[in-house]
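Protein chains: 4
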Amino acid sequence: MKRVSACSRCFASRPFSSTARRRVIRPITDLPDRIKPSFLERPDATLLSLHWPSPPRNILITKKKRTPGITNSLIEYTSHLTSNYPGINIILEPESASEIHEAVPFPVYTYETAPPNGTPAYLSDKTDLVCTLGGDGTILRASSLFSHATAVPPVLSFAMGTIGFLGEWKFREYKRAFREVYMSGASDAYAKLEFPETGTSPSPPLAIDDPLDKPLSYADIRGKAMGPNRTARVLLRNRLKVGVFGPDGTRINSSVDQDTYALNEVIVHRGASPHLKIVDVFVGGRFLTEGVADGMIISSPTGSTAYSLSSGGSIVHPLVPSLLLTPICPRSLSFRPLVLPANTPISLRLGEKNRGREVDVSIDGRRISGGMGVGMEVRVLGEHVKTPTGDWVGGVPSIVRGTDGIGMELKDEDHWVGGLNALLKYNYPFGDQDSGDSGGRA
Amino acid sequence: MKRVSACSRCFASRPFSSTARRRVIRPITDLPDRIKPSFLERPDATLLSLHWPSPPRNILITKKKRTPGITNSLIEYTSHLTSNYPGINIILEPESASEIHEAVPFPVYTYETAPPNGTPAYLSDKTDLVCTLGGDGTILRASSLFSHATAVPPVLSFAMGTIGFLGEWKFREYKRAFREVYMSGASDAYAKLEFPETGTSPSPPLAIDDPLDKPLSYADIRGKAMGPNRTARVLLRNRLKVGVFGPDGTRINSSVDQDTYALNEVIVHRGASPHLKIVDVFVGGRFLTEGVADGMIISSPTGSTAYSLSSGGSIVHPLVPSLLLTPICPRSLSFRPLVLPANTPISLRLGEKNRGREVDVSIDGRRISGGMGVGMEVRVLGEHVKTPTGDWVGGVPSIVRGTDGIGMELKDEDHWVGGLNALLKYNYPFGDQDSGDSGGRA
Amino acid sequence: MKRVSACSRCFASRPFSSTARRRVIRPITDLPDRIKPSFLERPDATLLSLHWPSPPRNILITKKKRTPGITNSLIEYTSHLTSNYPGINIILEPESASEIHEAVPFPVYTYETAPPNGTPAYLSDKTDLVCTLGGDGTILRASSLFSHATAVPPVLSFAMGTIGFLGEWKFREYKRAFREVYMSGASDAYAKLEFPETGTSPSPPLAIDDPLDKPLSYADIRGKAMGPNRTARVLLRNRLKVGVFGPDGTRINSSVDQDTYALNEVIVHRGASPHLKIVDVFVGGRFLTEGVADGMIISSPTGSTAYSLSSGGSIVHPLVPSLLLTPICPRSLSFRPLVLPANTPISLRLGEKNRGREVDVSIDGRRISGGMGVGMEVRVLGEHVKTPTGDWVGGVPSIVRGTDGIGMELKDEDHWVGGLNALLKYNYPFGDQDSGDSGGRA
Amino acid sequence: MKRVSACSRCFASRPFSSTARRRVIRPITDLPDRIKPSFLERPDATLLSLHWPSPPRNILITKKKRTPGITNSLIEYTSHLTSNYPGINIILEPESASEIHEAVPFPVYTYETAPPNGTPAYLSDKTDLVCTLGGDGTILRASSLFSHATAVPPVLSFAMGTIGFLGEWKFREYKRAFREVYMSGASDAYAKLEFPETGTSPSPPLAIDDPLDKPLSYADIRGKAMGPNRTARVLLRNRLKVGVFGPDGTRINSSVDQDTYALNEVIVHRGASPHLKIVDVFVGGRFLTEGVADGMIISSPTGSTAYSLSSGGSIVHPLVPSLLLTPICPRSLSFRPLVLPANTPISLRLGEKNRGREVDVSIDGRRISGGMGVGMEVRVLGEHVKTPTGDWVGGVPSIVRGTDGIGMELKDEDHWVGGLNALLKYNYPFGDQDSGDSGGRA
Ligand SMILES: NC(=O)C1=CN([C@@H]2O[C@H](COP(=O)(O)OP(=O)(O)OC[C@H]3O[C@@H](n4cnc5c(N)ncnc54)[C@H](O)[C@@H]3O)[C@@H](O)[C@H]2O)C=CC1
Ligand SMILES: NC(=O)C1=CN([C@@H]2O[C@H](COP(=O)(O)OP(=O)(O)OC[C@H]3O[C@@H](n4cnc5c(N)ncnc54)[C@H](O)[C@@H]3O)[C@@H](O)[C@H]2O)C=CC1
Ligand SMILES: NC(=O)C1=CN([C@@H]2O[C@H](COP(=O)(O)OP(=O)(O)OC[C@H]3O[C@@H](n4cnc5c(N)ncnc54)[C@H](O)[C@@H]3O)[C@@H](O)[C@H]2O)C=CC1
Ligand SMILES: NC(=O)C1=CN([C@@H]2O[C@H](COP(=O)(O)OP(=O)(O)OC[C@H]3O[C@@H](n4cnc5c(N)ncnc54)[C@H](O)[C@@H]3O)[C@@H](O)[C@H]2O)C=CC1
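Residue numbers (full-length UniProt numbering), protein chains in the order written: chain E, 1 to 442; chain P, 1 to 442; chain C, 1 to 442; chain U, 1 to 442.
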């Protein structure tokens, strides 16, 4: 990573002049360690509430690729954060970092591109909060950066254009949304303080010699909390733990010999081969069936509205602790999708009958380099997001909105039900409501 | 039918005073015989074109039941027809006849209500054209009045409110639509003549002593044809021939010992019994399978967008000569809907295993009185609508539009494709196009 | 028989002469109170293990109706229980009781038939264990006897003929199966004792003056336990809590103003009406959608292989804490089945648009008397089977086998996976394995 | 093709010694021209009957690849044909030709391998009959050799191992089957003559100087016809005419600028790309919908039991003149499969939204070299197999059996219905019929 090592060099000399500071790309290893929030149950509610022990500082922002307009939004957003919140450090993907670092008056941090099937080193040790600008694909890519981490930072997603299924904030709401997340969990005491956005002078940047690793305190912040009930709401999406193993038992899904977490699903698929594949399916260690098909999906409930849905799977609410097994174009009339307990181990094995034919394995829409040959196996288990002691850990903590656009409190179900209706056109009624301009029926 | 016999009496004395004439309900037996149009192929086209040998006179109009507003439309429509077209006779269902006959200045004709599982006598011998005011249900009811007739008159359907799948004209288009149908097939010669609607004086009523059974000629009509290409377009929907037989071979679907024609489908169903039914299915005389299910549908292609679709059947274009076998909630993972050649006989037999349990049989949404017990059988065959000599006969000749609202010529496929998109919301795309006001996503 | 006559003797203080005694049908109110077992988690296992505080005594046995052969099996089974186990009391449904009480040398207990939409009084206070002889329908009927009880006794089900999906024991296994259940949880101490069936002398009759309501102790039993690991395995099937309410809020599902528990599902359905119904669906209090369909199913995971499956629902493992919403023949292309968290309230409301049309409501295949008209509502919630303190309560505790026919320990998944394959013919492969005798392909 | 050109040379000198003759591989251009049979309607029947004007001579035999045992069957079969029937010429695929020509005492003919997207030159001008040894894949490959021919020779298919859906003869039946085909249409006159297989001396080989291009006459054959009713039965499977066009309108499906015929289907598919594709679908020239999916299938009724079935399509009888449009994993809840009239043109266009992403196009399981980029289009039309004058032409004439294994006449429906049941396990009933050995339920 030439670019990063370059910044490493400039960082080595530590030229802390304000100008220098603005132009460089710095390594994330320079950042203070991550602040981990906790997720608390709310009475009679299904969504959790976000509580920061101290305000988040290291913000990773990912954006949709190959979409020019988004770069401006990225600059606008990061500028807003750095000028309105004290101690904010902006982490960008290497590409974005080199794209914008000269255009912004603050330093950007980045990391070295990960090896194939790996994740960027240190990223999960340094990131307090993830923000995404894009669609579901951008959220999936952000989540894949933490696909070897047990604790993913909270994810705040802004749709650029069409709203997707995994995120639900519009970009034009970014000020309010970020503030809600930032202040989430700050005690009432600060509710009276005034807050930058209200018009008073922006909070002074941290003094140059501020030790980067001293946490902020909400008491230091000249702003106001959103009120005690206005903690951000979190939908903790549980993931799949996926291992891909060679015939000799060596792991091939990951460069770090670890399970890879998937947010949506893991898929084995015939890919470019025009022929059927034969996949043995084991559930809880017992042989279930031989799948003859284009491929096979093991999906989380979150992924139930993605590829699994297209393949005929049921829609499963993200809070049902389960795994889905959904065949893709099975050559059988009776291969119905299954919903299994999240803690049931499932594996897919490529048997002898596929001589010479490889299958593609993809996790959340990204192919694992190497593919999968005869004798190889994909092993999956659901992630536990509630510990025996009742704590909520792991998963992808997704920030959902607590009020609608005009300030009305939303019920917990509103997100999901609203999404089904608005995005999936669930149970769209027949009739000619909008036939106005449709040729033959005009 | 007291009322009808009453009119019969008044009619017997033939007191043709103008007043008397307006108040009475007359029997259809008094009407001249039906004029049968022919249906001609159009070059490179899939829809047929309608040709009357002489202008239609006896117009049956059915309307949706229990929907008050429609009565006014009925009066408006019949008044338009009788004042603008010579020699028009209005036939109404008994209920409608008694509802409006006092309100209109022309006689109305009606028939005696049919016995259970029967059709009104003489109706198919007297009706030149059927018009319906309502939705698909009204069209189905109209078609059921001819369910023992091999030649159904052309059907011109006006939607009141929502457009359905079987009809596509809006009521506000009735003047243009009727004229198009009325003039359809009149030779060019008449194109120069002026037409009532253009403002000149209405055509004189037929002289009192005009024999009712002398056909009109287009030459007599002071109007103009729509031009040689502007014949009405007809989609000849082929029907199913359905026979229901008792264990002893006696027919029970019909009081006249004849097959009953269905436009959509015939269904056997558990009805009020909360238990599975067991139905043996025979195709081409060969035992195909034992269906254990809520019920079984045998549908025409026209019916493929009705109940069969709800039960998971494919959408079949009305011009594919075929029958559909679609199970309703089958207790098997592998009972996939079938599409069979229209000329394949299919039968459904209620076997011994259903001891003591009856099933409901319905044709186009109307239950056959009597139900069906063990040993009974439903036999179905598709109707042939093209004779070996290439003539088009039978079916339900449905008038479809030839131009869009603003005068543009429509292609033959436009109707069906337009209907899929506008009515069925076929392949409705995901996304938040209209999420503007949807709570959680607002 | 000896032992029982012994007890008979203890009953002698009441005026029950030994002969008279054998012929009578006694009320269940005469029985000692129920013994409630506990259900314990097994390490690394998904099924629970059954533990009786003291041996079960009051055994309710239900059998399939209208199937003559089963009566003999009932006599054989009850005779085995009463002659081999001390203190066993046989409870039968009123019909069975009067059918066999004269043929058996021991008293039978029964209860008064319940009022419509009610359950038999006292039954759940008196029954230790339920045994069923029949199929899934018999199990559903047995469970419906406890449809107002929060704690259903364990259910041991014997298939007569075809094995169903809810039970998996064959009748010929009844001796071993009952012993396993009876001894389940007896401490090791008794493992050394010899047991009646081994051939040695039957356990001593209970002393004459044993009060009927003093529990037995395993120490009293001269038998042997099946070994410490050989407790019976229990699949705790969670149920649905169903309330049906009139437009005025009065409850109509139950004569006792209580929720009714369903094992499979609750259904609203058009029944004998040949027309579509319109049902408003609410999830978590939020309006989800207007269902236009034959009907709507809300199912437990257990019921996912019943009606819901036939209607296109996914197969959901019984241990996934969830509810299924599955439409029946919906008139929409996009009404996909949903899987929701078990604790999400769902309701179905019959809106104004259905003027004059009633729907049928059935719970586990039994219609609620009265049906459901406009304004009425079905409210459903999943049953919690694990308390916050970690205890397992409620549900239908179904005894599953722990070893296969030849003594091999079974894994917990074996039951379900085996059932999918053997019963549902899940993913049955294509090919001509058994085409040997199939006409055209022979 | 060195080998072939080599034989061309040796053939040039025409060294007709019996030994030389046996070892060489000859070019098909040396063969007499093809004999085209006619297909006649049978009264009250759906299958056609095969009539040769004179006995077939040039027999193309294809076999499954990479399956050693089949080579022996090929030798056995060709030896049988050449020693028992006069004037038989064996055509093999180049690979098979070089594999067996040294092992057999008769010459084999072959052709030059076709260029990409092409078919072998002259093959369809020379082949009287095609025999396949293998499964459906072998039949598809054989049919692809004629994918630019309007008249495919009759195909007689022998299953090696499992019976497939497209063929239904077992290899062990080859003698009877071939004789039935060979004699099909011979007039009654020959029914009295004795036939080789009956034991008498084999027919003499044609004299060396027999001109190869003089047709045989059934009168020359010392055998017996199978009787006048025993003509072979033919299912004329209609194909799809497929054209693939570049954005500039140049054709890319074929090296000969001609439509390619498909027996099963044409597919566009994302292939190795893990992302959704966007395909515009036009029906009858009208835009139907934008498909967002893994891909799209346009299938013949024959192909309805292949990939289309796996993707959720209905099963369509091969005699329903139709095309199927079936999406593969569509990202829409409402993209239901369609069945369209065979003569409706359908096209699939890869629109602008897929920037930079190619799709795979495959015909009958073989990828078209080149793939398909933005702006490209697949155009499909059903093949007409009945001319306006009532003749049956084109399609793939598949020989089906007329009697079952034990001599019983089969009905026309038996093949299809038998295949559904035996091969597809259509509507396989639930229950434990064969649960005998299935672990948990044993
Ligand atoms: N036929 C299909 O439905 C296919 C689906 N996919 C899905 O795409 C995902 C990868 O996304 P991209 O890289 O953007 O690929 P992409 O460009 O193929 O788009 C995938 C689409 O799926 C949507 N999506 C992703 N996750 C979703 C979820 N959990 N619920 C509802 N919609 C969701 C996105 O909004 C986007 O519209 C995979 O995880 C897989 O689920 C991938 C290939 C084919
Ligand atoms: N997911 C799926 O169902 C897929 C299906 N295919 C089908 O495979 C065909 C190519 O065959 P192969 O080269 O042997 O590939 P293959 O090795 O992928 O096997 C295809 C299977 O489909 C069966 N099959 C082929 N045509 C059939 C028909 N008309 N009706 C019923 N079954 C049929 C064959 O018996 C074989 O079992 C394609 O035309 C396509 O229809 C190809 C890829 C995936
Ligand atoms: N079309 C369908 O699939 C219908 C299904 N049913 C089901 O029948 C049940 C009532 O049973 P019966 O009184 O015996 O009626 P029934 O005589 O209609 O038989 C129902 C069938 O469903 C099976 N079944 C019941 N519960 C099951 C489960 N949990 N998993 C798998 N299979 C199961 C039974 O073995 C039997 O084969 C209802 O709870 C409902 O689920 C009822 C009506 C129609
Ligand atoms: N679950 C379902 O989908 C059910 C469907 N039906 C259908 O209803 C028909 C009877 O109609 P109604 O008396 O009005 O009953 P209804 O009041 O139940 O309405 C049936 C609905 O089906 C529509 N429809 C009728 N024929 C159609 C066609 N060929 N294509 C597309 N949509 C069509 C109508 O517009 C109406 O929306 C039956 O022939 C049957 O096909 C009847 C009962 C249940």
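A virtual CB, placed ideally from N, CA and C, is assigned to each residue, including glycine. Since the model is a prediction, treat every value here as computed from it, not as a measurement.
So residue i contacts chain C; which residues on that side make the cut at Cβ distance below 9 Å?
i: Lys425/E; result: Ser334
Name the residue from the options whose alpha carbon lies nearest to the alpha carbon of residue i.
i: Gly351/C; options: Arg367/C, Met372/C, Leu240/C; result: Met372/C
i: Leu123/U; options: Arg34/U, Ile328/U, Gly370/U; result: Arg34/U
i: Asn354/C; options: Leu133/C, Asp294/C, Asp125/C, Pro94/C; result: Asp294/C
i: Ile100/C; options: Pro115/C, Asn72/C, Asn89/C, Pro120/C; result: Asn72/C
i: Asn343/P; options: Pro321/P, Pro107/P, Pro330/P, Ser362/P; result: Pro321/P
Applying a beta-carbon distance threshold of less than 8 Å, which residues of chain C neighbour residue i?
i: Tyr428/U; result: Lys425, Tyr428
i: Gly365/P; result: Pro274, His275
i: Tyr307/P; result: Cys329
Name the chain P residues that come within less than 7 Å of residue i, Cβ to Cβ?
i: Arg331/C; result: Ser310
Kindly indicate which three-state DSSP category residue i falls into: helix, strand or coil?
i: Ile139/C; result: helix
i: Asp125/E; result: helix
i: Ser417/U; result: Checking the sequence, you will find Val at residue 417/U rather than Ser. Correct three-state label for Val417/U: helix.
i: Thr67/E; result: coil
i: Ser299/U; result: strand
i: Asp294/C; result: strand
Chain C partners of residue i, CB-CB under 7 Å?
i: Leu338/E; result: Ser314, Ile315
Under 7 Å Cβ to Cβ from residue i, same chain only, skipping five residues before and after it: list those, please.
i: Pro397/P; result: Phe39, Val152, Pro154, Val155, Val234, Leu236
i: Asn253/C; result: Asn117, Val242, Gly243, Val244, Thr260, Ile368
By a C-beta neighbour count over all protein chains shown, 10 Å radius and 16 as the cutoff for buried, is residue i buried or exposed?
i: His148/P; result: buried
i: His275/E; result: exposed
i: Ile61/E; result: buried
Using a cut-off of 8 Å between C-beta atoms, extract the partners of residue i located in chain E.
i: Glu265/C; result: Under the 8 Å cutoff, chain E gives no residues; its nearest Cβ is about 15 Å from Glu265/C.
Mind listing the chain P neighbours of residue i? Cutoff is C-beta to C-beta under 9 Å, in chain order.
i: Val396/U; result: Result: empty, since nearest Cβ-Cβ is about 18 Å, beyond 9 Å.
Strictly below 9 Å CB to CB, what residues from chain E border residue i?
i: Asp136/U; result: Result: empty, since nearest Cβ-Cβ is about 11 Å, beyond 9 Å.
By Cβ distance, which residues of its chain are closer than 6 Å to residue i, with the 5 residues on each side in sequence left out?
i: Ala306/U; result: Asn264
Just the chain U side, please: which residues come within less than 8 Å of residue i by C-beta, in chain order?
i: Asp360/E; result: Ala272, Pro274
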